[in-house]
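K.L.:
Note that the sequence shown covers residues 56 to 188 in the numbering used here.
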Amino acid sequence: METTTHTDPRFDGPGPDAQYRQALLEGRFVLQHCEDCSAARFPPALVCRNCGSARLAWRVSPGAGEVYATTTVRDRAGDYNVAIVQLEQGARMISRVDGIAADAVRMGLPVQAHIVPGDEPFVVFKPTAGGTA
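1. Suppose only complete runs of 4+ residues qualify. What are the alpha helix (DSSP H) ranges in the stretch 58-141, listed by chain order?
2. Would VAL160 be called buried (16 or more neighbouring beta carbons within 10 Å of its own) or exposed?
3. Short check: CB of ALA95 to CB of ALA168, under 8 angstroms?
4. Assuming ILE149 is part of the beta strand (DSSP E), what are its boundary residues?
5. At a cut of 8 angstroms, does the stretch 129-140 reach the stretch 80-92 through at least three beta carbon pairs?
6. Which residue from THR183, VAL179, GLY70 and ALA157 puts its Cα closest to that of ARG129?
7. By how many angstroms is the C-alpha of ALA78 removed from the C-alpha of ALA188?
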């Protein structure tokens, strides 16, 4: 009896999290975009959260967005903010806003993504010219 093995190309090579981290290491901020419904998504995944399609493509994001929600965390080492940023492409991501006092971050503040380099790079946001710094 012959056995046929079917493989799913989504599982060939590194997964979506590893692909995202590699792009950050290369200095590129990328988001997945669904080729069927055009939704942008974050965090990276194997299928579109909006329509369930597996046809996701990576695209460089300009990184512009605005603060959707924020909170200030009070800590002995210093206050910091945690913000949900609504990107212009439609995806939301949790990060922080740098370059401004933690308690000065407000909903609707226009921000721009910046990659903090290192062995484990990550994305933070900074107020744009329209925001208060």
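Each residue gets a CB set at the ideal place from its N, CA and C atoms; glycine is no exception.
P.N.:
On the basis of the supplied data:
1. Fully enclosed alpha helix (DSSP H) runs of 4 or longer: 71-80.
2. With 16 or more other Cβ atoms within 10 Å, it is buried.
3. Between ALA95 and ALA168, the C-beta gap is not smaller than 8 angstroms, which leaves the two residues out of contact.
4. Counting along the chain, the unbroken beta strand (DSSP E) around ILE149 starts and ends at 147-150.
5. By the Cβ rule, the stretch 129-140 does not count as touching the stretch 80-92, because fewer than three pairs are nearer than 8 angstroms.
6. Minimum Cα distance to ARG129 is reached at ALA157.
7. Because the pLDDT of ALA188 is 47, which lies under 50, any placement of that residue in the model is unreliable, and the question is left without a value.
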